[in-house]
Amino acid sequence: MSQSSLKDNSRGRIEFVKKAPIFGVVSLVLVLASLFLIAFKGFNYGIDFVGGIEVQVRFNKAVTVDEIRSFMKTTGVKKSSVQAFGEDNEFLIRVESIEGKTQEETNALVNSSVKKITTGLSQNFDGAELRKVDTVGPQIGAELRSNGLLAIFYSLIMILVYVGFRFDFQFAPGAVICLFHDAIITLGIFALFQREVNIQTLAAILTIIGYSLNDTIVNFDRVRENIPLYKRKALEFVVNRSVNEVLSRTILTSVTTLLAVLCLYVLGKGVVKDLAFTLAIGVVVGTYSSIYVASPLTIVFDRLMGNSRSTSKA
Amino acid sequence: MIESLKARIWIVAGVLLFGAYVFAPNFFSDESRPSWLPGQSLVYGLDIQGGLQLVLGVDTKGVIEEKILRLGGSLKEDINKKTPNAVSSTKTNDVEPFGSVTLVGNVSQIKSFTSANYSGVLQLLDQSETSVTFQYFEAYVNQIKKQIVTQAIDVIRNRIDSFGVAEPYIAAQGSDRIIVQLPGINEADYEQAKDLINRAARLEFMIVSNEISPVELNTFITEAETAGGYTLGTKNEGGLKYLDYVKRINKDLKNKLPEQTEVVFQKLDQVASIEDGKSAVLVKDDIVFSGDKISDAFVGLGQYGQPVVNFSVASDGRNEFAKMTGENVEQPMAIVLDKVLKSAPTINSRLREGGVITLGNDTEVEKEANFLTNTLRAGALPAALEQLEERSVGPTLGADSVEAGKKAGLFGLAIVLLFMLVWYRTAGFIASFALVTNVFLLLALLTSLGATLTLPGIAGIVLTVGMAVDANVIIFERIREELLKGSGLRPAVKDGFGHALSAIIDANITTAAVCLVLMFYGSGPIKGFAVTLIWGIATSMFTAIFLSRVFIDLLVRMGFQKIMPVKKRMA
Numbered sequence: 000m001s002q003s004s005l006k007d008n009s010r011g012r013i014e015f016v017k018k019a020p021i022f023g024v025v026s027l028v029l030v031l032a033s034l035f036l037i038a039f040k041g042f043n044y045g046i047d048f049v050g051g052i053e054v055q056v057r058f059n060k061a062v063t064v065d066e067i068r069s070f071m072k073t074t075g076v077k078k079s080s081v082q083a084f085g086e087d088n089e090f091l092i093r094v095e096s097i098e099g100k101t102q103e104e105t106n107a108l109v110n111s112s113v114k115k116i117t118t119g120l121s122q123n124f125d126g127a128e129l130r131k132v133d134t135v136g137p138q139i140g141a142e143l144r145s146n147g148l149l150a151i152f153y154s155l156i157m158i159l160v161y162v163g164f165r166f167d168f169q170f171a172p173g174a175v176i177c178l179f180h181d182a183i184i185t186l187g188i189f190a191l192f193q194r195e196v197n198i199q200t201l202a203a204i205l206t207i208i209g210y211s212l213n214d215t216i217v218n219f220d221r222v223r224e225n226i227p228l229y230k231r232k233a234l235e236f237v238v239n240r241s242v243n244e245v246l247s248r249t250i251l252t253s254v255t256t257l258l259a260v261l262c263l264y265v266l267g268k269g270v271v272k273d274l275a276f277t278l279a280i281g282v283v284v285g286t287y288s289s290i291y292v293a294s295p296l297t298i299v300f301d302r303l304m305g306n307s308r309s310t311s312k313a
Numbered sequence: 000m001i002e003s004l005k006a007r008i009w010i011v012a013g014v015l016l017f018g019a020y021v022f023a024p025n026f027f028s029d030e031s032r033p034s035w036l037p038g039q040s041l042v043y044g045l046d047i048q049g050g051l052q053l054v055l056g057v058d059t060k061g062v063i064e065e066k067i068l069r070l071g072g073s074l075k076e077d078i079n080k081k082t083p084n085a086v087s088s089t090k091t092n093d094v095e096p097f098g099s100v101t102l103v104g105n106v107s108q109i110k111s112f113t114s115a116n117y118s119g120v121l122q123l124l125d126q127s128e129t130s131v132t133f134q135y136f137e138a139y140v141n142q143i144k145k146q147i148v149t150q151a152i153d154v155i156r157n158r159i160d161s162f163g164v165a166e167p168y169i170a171a172q173g174s175d176r177i178i179v180q181l182p183g184i185n186e187a188d189y190e191q192a193k194d195l196i197n198r199a200a201r202l203e204f205m206i207v208s209n210e211i212s213p214v215e216l217n218t219f220i221t222e223a224e225t226a227g228g229y230t231l232g233t234k235n236e237g238g239l240k241y242l243d244y245v246k247r248i249n250k251d252l253k254n255k256l257p258e259q260t261e262v263v264f265q266k267l268d269q270v271a272s273i274e275d276g277k278s279a280v281l282v283k284d285d286i287v288f289s290g291d292k293i294s295d296a297f298v299g300l301g302q303y304g305q306p307v308v309n310f311s312v313a314s315d316g317r318n319e320f321a322k323m324t325g326e327n328v329e330q331p332m333a334i335v336l337d338k339v340l341k342s343a344p345t346i347n348s349r350l351r352e353g354g355v356i357t358l359g360n361d362t363e364v365e366k367e368a369n370f371l372t373n374t375l376r377a378g379a380l381p382a383a384l385e386q387l388e389e390r391s392v393g394p395t396l397g398a399d400s401v402e403a404g405k406k407a408g409l410f411g412l413a414i415v416l417l418f419m420l421v422w423y424r425t426a427g428f429i430a431s432f433a434l435v436t437n438v439f440l441l442l443a444l445l446t447s448l449g450a451t452l453t454l455p456g457i458a459g460i461v462l463t464v465g466m467a468v469d470a471n472v473i474i475f476e477r478i479r480e481e482l483l484k485g486s487g488l489r490p491a492v493k494d495g496f497g498h499a500l501s502a503i504i505d506a507n508i509t510t511a512a513v514c515l516v517l518m519f520y521g522s523g524p525i526k527g528f529a530v531t532l533i534w535g536i537a538t539s540m541f542t543a544i545f546l547s548r549v550f551i552d553l554l555v556r557m558g559f560q561k562i563m564p565v566k567k568r569m570a
């Protein structure tokens, strides 16, 4: 089983590594485009992160968006948006960035505005059912945002340390860069479609990181196992062979996960549907990146670290 | 891996039985549950069963500020009682982080008093030949803050209990926040519940001071308002909230008012709220009898048929109450609720065990009397609360989401199971069984832990299923690889499981590490997600690695030649 070429081996017939530079460029373009979108288009932050009011209301008879908009004008609450939500006669009213001079004043304003909206709705419309009312003060919003960023940051650090500890250190940067790659592209898609970024989005992105990492580690695990088996081969050969060996698993898992996630997207509602959307992107991007980003990067970092051929802990 | 197949079968049977035992209570209502079953059943989150969630900021800083404002006066009195004329004057300074107090007088006498009586409380900040400045130790302040939050939680819990919510969740969040969850509470009761939670309901009995005439007092207040450029806000216009306003006025008038007095306001009879019309009253704050020394209270009728509150004083407060009322017979006693003077009846004789609180003759006096009785029984809040976040979910929304989530989850699971069956045949059947067992064990575990199941938690379960499928796929693909190399079934199974182990464990541990970070940094929904995922990792490792191995080994022992298709496939 020691064929000299990459090609004639049934377990290494797709040349991932050779094509990697092309995909490297593709990835780079995607990441840069995402960063560009994030910087210039920005996120559509939910009230979790900026503070504000969100009221989900359902009526038992036909009501139009315009009727609610004109109702909102009578309340005197500014900067509100109204959108139809889910089935007929269900609406989402959002009020963002209410600002007073001090934080206490902002809190008081937020609390009095929500009272105006909720009592006004039940007075002006018969059979208005308040299905969900969220109000988030500005401090909480800022705190949730910074805690969210910290959570992502510390997660990445833990991954870097663990992968560095369990595998050789030329593996760790590839794994983490790959995760940044996934997170940035997913966020880029959120910026592109202006989908709301809220706490659940954050949870979903961390799930994607977890999923992509899972894929990456399965690939790395095989590389780690194969390195001592092919002592005379270049690392490129070993990586390519390993990716091919676990390819059937990669495809099977991705397809099953994607099917399950699509089920959640089609049949689920609200939070579950949003989560499924993010996960679907994540599964595709994560599978791609563990093959074309993480694995080739081990070769790059192997060279950068000056090992022409590395050995590995088992 | 335990070599004896028999022993492993027993372990699997034991775990499944135990899972069934802790999961069983979910099939019964609280009343019909047999006594031999555990009492814990699965708790659904607010997003599923509906209800109200509040995050409240506790104004611990305000309490400390007020404490230091009163400290100067009481220090002066105490020190001068021991060594007359040791302190000539005091001043409160507005310095970061929580203010300081300067005492002018005999420095060595002051210092010997404070080091004897306030060690660990006050630290020397500055000193000259004629004055000393103290501030609180940070450790002392932190201890006070912690006490305040704990006390506030107890008070809120007591008040909510009187409201009758089935399973309220009230806990500290960080150092100065409290989160309150009231599952299943009716939308109509939101405002009342919020009022019950938010109002400090601090009742104080003080003696009215007549050292300054009302006219002079009003002049002082107008001057302070003009100088500081602030007013008491009304409902329609901006301005300070009442409690902030009173605090500000007292701070600004500190040096104009006689020592150990403070200003409170009374609502004028003809207006609807104190913001619309008020009159100032000066009260002495050297003797304050606090409402938390009242043991019981009930609504009764006063002499003109108006509602009043009858109260009894707890045994440890009786001497204090008797002393205060005995020394001030014929004086008006100020009954102050949340810094609003409610009434000022004249003390006719010494009171010891209780008395009557008149609340004036407001239109809302009955409501007020009921509120006061409730809060006197449950206790006053030790600090003002500020509502920072409010989330409410109507009962139908949660039910809809769960219905949709259930359908989606079951479909997803069915597709995955079908896929495994088609792809791996016999082995796929075992994997499917392992998957279903995994979901069951995870729910059983969450039940016994008393965890709360939220929608993000359900997402965590879905991800767990995904990871469990992956573990089985990794193992089965590995077995297939070994079979393709020409191994016999038995060594292929052994090597398959053996080689796959490192990948599965590494992948799961890194995910678990991320979960741990989320549990520490995440808030509500994220935490729920992380908790279910981390337990899901534990159960899925058991089912995917241990349980499915037991069944495959069993099949091999039973003489099965083929557990999955091994033809070469694409990729």
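Sequence lines, in order, name chains A and B. Okay, so the first sequence: first residue is 0 according to numbering that gives the first Met the number 0, each after it adds one. Okay, so the second sequence: first residue is 0 according to numbering that gives the first Met the number 0, each after it adds one. Positions of the beta carbon are idealized from the N, C-alpha and C atoms, including for glycine.
Here DSSP, grouped into helix, strand and coil, assigns G50 of chain B to strand.
Annotation: V214 of chain B is outside any beta strand (DSSP E); the continuous alpha helix (DSSP H) that includes it extends over 213-227. If only uninterrupted alpha helix (DSSP H) runs of at least 4 residues are considered, those enclosed by the region 285-310 of chain A are 294-303. Assignment of Q142 of chain B by DSSP, reduced to helix, strand and coil, places it in the helix class.
Assignment of beta strand (DSSP E) within the region 320-388 of chain B, counting only whole runs of 3 or more residues, yields 332-336, 339-342, 353-356 in chain order. At a cut-off of 8 angstroms between beta carbons, Y161 of chain A contacts chain B. The DSSP-derived three-state label of K131 of chain A is strand. Distances from the alpha-carbon of E190 of chain B to those of A:V56, A:V271, A:K115, A:T74 put A:K115 closest.
The CB of R130 of chain A comes closer than 8 angstroms to the CB of V392, G393, T395, L396 in chain B, given here in chain order.
In this structure the region 125-136 of chain B does not lie against the region 163-175 of chain B, because fewer than three pairs of beta carbons, one per stretch, are closer than 8 angstroms. Taking 7 angstroms as the cut-off between beta carbons, the residues of the region 515-529 of chain B near chain A are V516, L517, Y520, G521, S522, P524, I525, F528, in sequence order. At least 8 angstroms separates the beta-carbon of V280 of chain B from that of V307 of chain B. For I169 of chain B, no alpha helix (DSSP H) segment is defined; the enclosing uninterrupted segment is the beta strand (DSSP E) at 168-172. Put simply, the region 32-49 of chain A touches the region 184-197 of chain A. At least three CB pairs are less than 8 angstroms apart. When C-beta atoms of the region 110-126 of chain A are compared with those of the region 40-49 of chain A, fewer than three pairs fall below 8 angstroms, so the two segments do not count as touching.
In chain order, G209, L212, N213 make up the part of chain A whose C-beta sits under 8 angstroms from the C-beta of T510 of chain B. Non-local C-beta neighbours of D295 of chain B in its own chain, meaning closer than 6 angstroms and more than five positions away in sequence, comprise S311, ordered along the chain. Burial state of Q146 of chain B is exposed, judged by a 10 Å Cβ sphere holding fewer than 16 other Cβ atoms.
Between the C-alpha atoms of K406 of chain B and I97 of chain A there is a straight-line separation of about 39 angstroms.
Secondary structure at Q39 of chain B: coil, using DSSP grouped into helix, strand and coil.
In the displayed model, L91 of chain A falls within a strand according to three-state DSSP. Chain A has a Cβ within less than 8 angstroms of the Cβ of D505 of chain B. The alpha-carbon separation between E137 of chain B and K144 of chain B amounts to approximately 10 angstroms. Interface criterion not met: the Cβ of R93 of chain A is under 8 angstroms from no Cβ in chain B. Inter-residue distance for G72 of chain B and S208 of chain B is about 16 angstroms (C-alpha atoms, whole angstroms).
The count of Cβ pairs closer than 8 angstroms, one atom from the region 477-489 of chain B and one from the region 430-437 of chain B, stays below three, leaving the stretches out of contact. With a cutoff of 8 angstroms on beta-carbon distance, I207 of chain A and L278 of chain A are scored as near each other.
Rounded to the nearest angstrom, the Cβ distance from V530 of chain B to M540 of chain B is 17 angstroms, too far for a contact under 8 angstroms. The beta carbon of L440 of chain B is closer than 6 angstroms to those of G18, T538 in its chain, skipping five residues each way along the sequence. The region 261-268 of chain A and the region 194-204 of chain A do not touch, with fewer than 3 CB-CB distances between them shorter than 8 angstroms.
Under the 8 angstroms criterion on CB atoms, R165 of chain A is classed as interfacial with respect to chain B. Beta bridge pairing from DSSP links T451 of chain B with B:V42. Of all residues in the region 69-88 of chain A, none comes within less than 8 angstroms of chain B when Cβ atoms are compared. Taking C-alpha positions only, D505 of chain B is separated from F475 of chain B by approximately 18 angstroms. Residue-level contact by beta carbon holds for A502 of chain B and chain A, with a gap shorter than 8 angstroms. Around the Cβ of Y303 of chain B, a 10 Å sphere holds fewer than 16 other Cβ atoms; the residue is exposed.
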